[in-house]
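Read top to bottom, the protein sequences are chains A, B, C and D.
Residue numbers for the first sequence follow numbering that gives the first Met the number 0, so the first one is 0 and each next one is one higher.
Residue numbers for the second sequence follow numbering that gives the first Met the number 0, so the first one is 0 and each next one is one higher.
Residue numbers for the third sequence follow numbering that gives the first Met the number 0, so the first one is 0 and each next one is one higher.
Residue numbers for the fourth sequence follow numbering that gives the first Met the number 0, so the first one is 0 and each next one is one higher.
Idealized CB from N, CA, C, for every residue including glycine.
What follows is one structure encoded as structure tokens, with my remarks underneath.
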Amino acid sequence: MTDCDAKLTGGGGLAVRLRGAVCLRGAFPALTGVNLNVDEGEAVLLRGPNGAGKSTLLRLCAGLAALRAGEGEVLGYDLRTESRSVRLEVGLVAHHMMLYEDLTVVENLEFWARLSGASANQAHVALRSLGVEERLHEVKLRKLSAGQRKRVSVAAVAMRRPRLWLLDEPHAGLDASGREALNEMINLARRSGATVLIASHEGASAEAVATRTIHLAGGAVWPSAPSTPDPWPATQPTATPSTADPSTAAQPKATPSTAARRRWRSRRLSARP
Amino acid sequence: MTHAAYVAAAWAIGVVGPAAYAVVVLLRGRRLSRSVPASRRRWLTTGDEGDDGRAGGR
Amino acid sequence: MRSVLLIAAKDLRIELRSRVFLYQVIPFAITTLVLLGFALDADRAALRNFSSGLYWVTVMLAALLTAQRSVSLERSSGAADAIRLSGVAAAKIFAGKSLALFVYLIVLELLMVLGIVVLYDATLTDAGLAAATAVVATLGIAGAGTLYGVLAAGSGVGETLLPVLLLPVLAPVLISATRAFGDALGASSVNGWAWFGLVGLCSLLYMLLGGLSYGPILEADS
Amino acid sequence: MRSLLGLPARPASKAAEAPGHTGSRSTKLLGLALLAGVVALCLFAFVFSPPDSRTGPEGTPIGQFDAVRIMYVHVPSAVWGYVGFGICALGSAVYLLKRSAWWDRLAHAGAEIGVVFCGISILTGMIWGRPVWGTWWDWGDVRLVTTLMLSLVYLGYLAVRSLAAAPAARESRSAVLGIVGVVLIPIVNRSVDWWEDRTLHQKSTLEELRIEDLTLFTLVLGFLVGGLAFAWLLIHRFRVAWLDAEAENSEMLAAIEERRSEASTLNGTVAQEVAGTATEAEGTGTGAEGAGTGAEGAGTGATGATGREGTGATGRERQMEASRR
Chain A
0 MTDCDAKLTG GGGLAVRLRG AVCLRGAFPA LTGVNLNVDE GEAVLLRGPN
50 GAGKSTLLRL CAGLAALRAG EGEVLGYDLR TESRSVRLEV GLVAHHMMLY
100 EDLTVVENLE FWARLSGASA NQAHVALRSL GVEERLHEVK LRKLSAGQRK
150 RVSVAAVAMR RPRLWLLDEP HAGLDASGRE ALNEMINLAR RSGATVLIAS
200 HEGASAEAVA TRTIHLAGGA VWPSAPSTPD PWPATQPTAT PSTADPSTAA
250 QPKATPSTAA RRRWRSRRLS ARP
Chain B
0 MTHAAYVAAA WAIGVVGPAA YAVVVLLRGR RLSRSVPASR RRWLTTGDEG
50 DDGRAGGR
Chain C
0 MRSVLLIAAK DLRIELRSRV FLYQVIPFAI TTLVLLGFAL DADRAALRNF
50 SSGLYWVTVM LAALLTAQRS VSLERSSGAA DAIRLSGVAA AKIFAGKSLA
100 LFVYLIVLEL LMVLGIVVLY DATLTDAGLA AATAVVATLG IAGAGTLYGV
150 LAAGSGVGET LLPVLLLPVL APVLISATRA FGDALGASSV NGWAWFGLVG
200 LCSLLYMLLG GLSYGPILEA DS
Chain D
0 MRSLLGLPAR PASKAAEAPG HTGSRSTKLL GLALLAGVVA LCLFAFVFSP
50 PDSRTGPEGT PIGQFDAVRI MYVHVPSAVW GYVGFGICAL GSAVYLLKRS
100 AWWDRLAHAG AEIGVVFCGI SILTGMIWGR PVWGTWWDWG DVRLVTTLML
150 SLVYLGYLAV RSLAAAPAAR ESRSAVLGIV GVVLIPIVNR SVDWWEDRTL
200 HQKSTLEELR IEDLTLFTLV LGFLVGGLAF AWLLIHRFRV AWLDAEAENS
250 EMLAAIEERR SEASTLNGTV AQEVAGTATE AEGTGTGAEG AGTGAEGAGT
300 GATGATGREG TGATGRERQM EASRR
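Here's what the structure looks like:
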């Protein structure tokens with residue numbers, strides 16, 4: 000619809016690129032036209048009130064929710080046509096656990112590991128790094144506390160070594176040591192070049208790892224504050240809106256220039272009868 | 000006429016059934032037509048003749 | 000093939016742990032057999048004559064329960080999303096889920112054969128035909144149940160929608176399996192193996208259609 | 000009478016602009032032909048064609064007498080009902096291959112009309128069976144049982160279509176149901192056929208009746224009139240399905256607009272967090288009005304919210320349309 004769309008086909012360095020993305024949940028428009036660019040290696044914090052569309056945005060980036068309108072690319076794959084490739088390379092920690100209550104911790108992880116082609120060893124490494132104690136490995140998930148389950152479900156994602164991490168309220172229900180372990184894991188992933196999107200209400204824990212914050216409201220991105228300094232400089236340059244890429248002009252990054260605002264206002268007024 | 004009651008009942012169903020259905024379809028079409036602009040109803044914009052129901056392209 | 004077995008084994012293991020099958024589905028089947036006996040006034044001759052039909056009606060009803068259970072297992076935990084994220088082809092997921100459903104139903108049917116022998120006074124005159132029919136018919140029931148279970152559950156009103164969708168579609172299996180079983184139980188003099196062929200054709204079609212359309216159904220489920 | 004309904008008096012004022020119905024000139028001609036056909040069929044069925052009064056070898060009457068007149072309704076409605084299911088399956092298959100909205104609507108229309116016609120066929124069949132066979136329902140009658148099973152399958156199809164869901168999800172689900180239903184036709188037919196070795200339904204109604212010329216002609220006329228009714232209903236039902244989707248789509252657009260404007264009021268709180276852009280909240284708050292600014296609204300300087308609002312209604316509408324195809 001605008002000239003920035005013409006640039007969409009050129010990939011390169013962007014982990015997520017959404018233009019006017021509209022997503023439905025049932026008959027409800029959960030996303031109402033999201034424009035978003037995320038560079039590879041960034042850690043972006045998504046904030047916004049309940050029902051702002053954060054979870055759906057993450058599901059969209061995971062290739063699980065279908066685009067109703069607009070365009071989107073994740074890790075260079077088109078969301079409409081190559082969602083299967085997207086799914087193989089992302090890891091989603093969602094509200095629900097994505098684990099079976101009646102299987103033990105190890106059984107759960109080994110099932111997912113073998114199904115997605117990871118090794119059982121990776122599962123154990125992931126469990127250890129999230130601080131799930133050895134004695135819990137043979138316990139049914141049903142008998143774990145909420146915090147322990149969360150650790151297990153993060154481990155189930157971590158062992159797949161995704162290139163894009165999509166974390167939906169990952170800190171909820173975790174104690175201090177759990178949050179620390181999680182943040183460490185996120186940072187570790189970023190150092191190896193992964194990109195992270197975190198939806199969170201709990202500012203402090205998530206901001207510790209985020210390189211910038213994006214606000215969602217009413218299913219669309221709201222102009223956000225300038226990015227906070229990056230505590231873990233990743234391989235990619237983190238200064239997001241490089242002047243070279245005009246497509247970032249459409250992304251609500253900084254305050255719109257007053258001139259543009261004035262122009263728009265006058266046009267709006269003149270459009271009235 | 001033999002079996003007059005049966006014949007009458009069958010014909011009543013056979014004629015009234017589709018007719019009632021047609022009324023329902025027409026009324027629904029009228030109600031919906033109000034909320035959809037004429038430009039989105041191709042069988043109107045392509046002219047009144049020769050439309051075989053292929054409304055709205057594919 | 001490996002992922003098919005993985006998914007099926009996972010389902011069976013969960014079933015062994017949760018005991019839903021043992022404590023809910025099997026008692027349901029026995030209760031149904033007993034109730035049908037009461038409904039026919041415990042008339043020995045009638046029960047023996049109709050045992051094959053009553054048997055398959057009970058299997059269908061139990062299949063509804065197991066199909067629903069098989070779907071809710073994935074959906075309640077959000078694992079349906081995780082399976083899609085694992086990138087396994089839809090046809091393989093379908094095969095795995097169907098295989099697990101097939102195993103439960105076969106176990107149930109074995110028990111129910113005992114049930115009709117004891118309760119309805121049926122005698123198994125052609126065990127080979129009975130076994131072949133049961134295996135093939137159950138494949139079809141499992142395939143259709145898996146496909147329609149996901150389809151109905153995705154629309155949000157699975158509990159009421161699944162029977163409405165699944166039972167008419169399974170009608171040919173019910174008819175032909177009943178006839179073949181009637182022959183195997185010595186209750187009727189039709190050619191059971193011809194009916195067995197029809198059962199096989201149905202099952203083949205269900206599996207084929209299920210494998211092809213499971214993907215679109217799963218994708219619609221977002 | 001159906002045709003009369005197909006010829007509504009146009010509101011005189013805005014007739015040429017946008018008549019508020021699903022008719023067009025061709026459907027009106029079709030409706031006229033249908034009306035004439037119904038009149039002719041009634042004449043032939045009740046006046047010209049004779050009752051079926053044959054006698055058996057021993058001189059006992061074996062004919063159906065006047066009950067044969069039910070056949071002129073029963074047989075065509077069964078055949079056209081099956082055609083409706085066939086259209087549904089065809090539309091569903093093409094939809095799954097091409098994801099084309101057109102074929103999806105066609106499948107929906109076909110299924111609904113198929114259920115109506117098959118329902119009529121079942122009812123009239125029962126009414127015919129009572130005097131001729133002496134029973135309302137006969138399990139040995141293959142076609143009756145098959146038709147009922149099939150109608151139930153397509154009732155399930157309509158049930159799925161009636162549920163609130165994302166359009167794409169609903170379309171895929173119902174397409175699978177539509178295909179499975181038709182694949183079942185031969186199997187259900189075979190299985191019920193074998194169910195009873197003999198079947199009350201004659202292998203071919205026409206042969207069995209040893210029909211006189213006029214009876215045969217009336218039956219053929221019944222097929223033609225049934226076909227006209229089928230076509231008329233199919234076109235109108237298709238258009239209603241199309242309108243339904245359009246209305247649903249514009250409702251969706253309205254919901255999106257509403258959600259976005261609701262967001263801008265909500266943004267009082269968000270904007271406070273976003274110190275630099277706090278003053279923008281009321282500037283972009285009335286985004287819906289921005290639609291008039293056209294596609295150039297997001298020029299080079301306009302960023303984020305401003306540009307989006309400007310192109311919102313038109314651009315998104317186009318995209319939604321594209322995604323539907």
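- In this structure, Val-43 of chain A keeps its C-beta atom at 8 Å or more from the C-beta atom of Cys-60 of chain A.
- Rounded to the nearest angstrom, the Cβ distance from Arg-236 of chain D to Ala-92 of chain D is 19 Å, too far for a contact under 8 Å.
- For Ala-65 of chain A, the neighbours in chain D by C-beta distance under 9 Å run, in chain order, Ala-165, Ala-167, Ala-168.
- Considering only D:Ser-48, D:Val-74, D:Asp-243, D:Lys-27, the residue with the shortest C-alpha distance to Thr-146 of chain D is D:Val-74.
- Taking 8 Å as the threshold, the shortest C-beta distance from Gly-155 of chain D to chain C falls below it.
- Secondary structure of Tyr-94 of chain D (DSSP, three-state): helix.
- Among the residues facing chain D, Thr-31 of chain A is included, as its CB has a counterpart in that chain under 8 Å away.
- Of all residues in the region 119 to 149 of chain D, the ones placed with a Cβ closer than 7 Å to any Cβ belonging to chain C are Met-148, in chain order.
- Contact check for Glu-108 of chain C against Thr-137 of chain C passes: the beta carbons are separated by less than 8 Å.
- For Phe-37 of chain C, the enclosing alpha helix (DSSP H) stretches over residues 25 to 38.
- Here Ala-154 of chain A really is in contact with Leu-126 of chain A; their C-beta atoms are around 5 Å apart, less than 8 Å.
- Taking all protein chains in view, the Cβ of Phe-47 of chain D is surrounded by fewer than 16 other Cβ atoms within 10 Å, so the residue is classified as exposed.
- Counting every other CB atom within 10 Å of its CB across the protein chains shown gives Arg-33 of chain B a total below 16, marking it as exposed.
- Close partners of Leu-91 of chain A in chain D (Cβ separation under 8 Å) are lacking, with about 20 Å as the shortest Cβ gap.
- According to the DSSP secondary-structure assignment, Thr-103 of chain A is paired through a beta bridge with A:Lys-139.
- Taking 9 Å as the Cβ-Cβ cut-off, the region 85 to 108 of chain D approaches chain C at Leu-95, given in chain order.
- Under the DSSP definition of a beta bridge, His-214 of chain A partners with A:Arg-46, A:Trp-221.
- Glu-245 of chain D reaches chain B at Val-35, Arg-39, counting residues in chain order whose Cβ is nearer than 7 Å.
- Excluding sequence positions up to five before and after Val-114 of chain D, its CB lies within less than 7 Å of the CB of Ser-150, Tyr-153, Leu-154, Leu-157, all in the same chain and listed in chain order.
- Annotation: Asn-186 of chain A is outside any beta strand (DSSP E); the continuous alpha helix (DSSP H) that includes it extends over 175 to 190.
- Put simply, of A:Leu-129, A:Leu-91, A:Glu-133 the residue whose alpha carbon is nearest the alpha carbon of Thr-103 of chain A is A:Glu-133.
- Setting aside the 5 residues that flank it on each side, Met-206 of chain C is surrounded in the same chain by Ser-97, Leu-138, Gly-139, Gly-142, each with a C-beta closer than 8 Å to its C-beta; the list follows chain order.
- If you draw a straight line from the Cα of Glu-158 of chain C to the Cα of Ala-186 of chain C, it is about 35 Å long.
- Among the residues of chain A, none has a CB under 9 Å from the CB of Ile-184 of chain D; the nearest is roughly 32 Å distant.
- Under the DSSP assignment, Glu-133 of chain A falls outside any beta strand (DSSP E); it carries neither an H nor an E label.
- Our two residues, Leu-66 of chain A and Tyr-76 of chain A, have alpha carbons roughly 14 Å apart in a direct line.
- Under a criterion of Cβ atoms nearer than 9 Å, the residues of chain B adjacent to Ala-66 of chain D are, in order, Thr-1, His-2, Tyr-5, Val-6, Ala-9.
- The beta-bridge partner set that DSSP reports for Glu-72 of chain A consists of A:Arg-16, A:Asp-77.
- Per DSSP, Gly-133 of chain D is not a residue of any beta strand (DSSP E), being assigned neither H nor E.
- Of all C-beta pairs linking the region 247 to 261 of chain D to the region 117 to 129 of chain D, fewer than three are shorter than 8 Å, placing the two stretches out of contact.
- Proximity of Ser-85 of chain C to chain A, defined by a Cβ-Cβ separation below 8 Å, is satisfied.
- Excluding the 5 residues flanking it on each side, Gly-19 of chain A has same chain C-beta neighbours closer than 6 Å at Gly-32, Gly-69, in chain order.
- Each residue's CA atom was taken as its position, placing Ala-230 of chain D and Ser-23 of chain D some 13 Å apart.
- As DSSP reads the structure, Val-89 of chain A sits in a beta bridge with A:Leu-163.
- Excluding sequence positions up to five before and after Trp-111 of chain A, its CB lies within less than 7 Å of the CB of Ala-155, all in the same chain and listed in chain order.
- Interface with chain C (8 Å Cβ-Cβ cutoff): Arg-86 of chain A is included.
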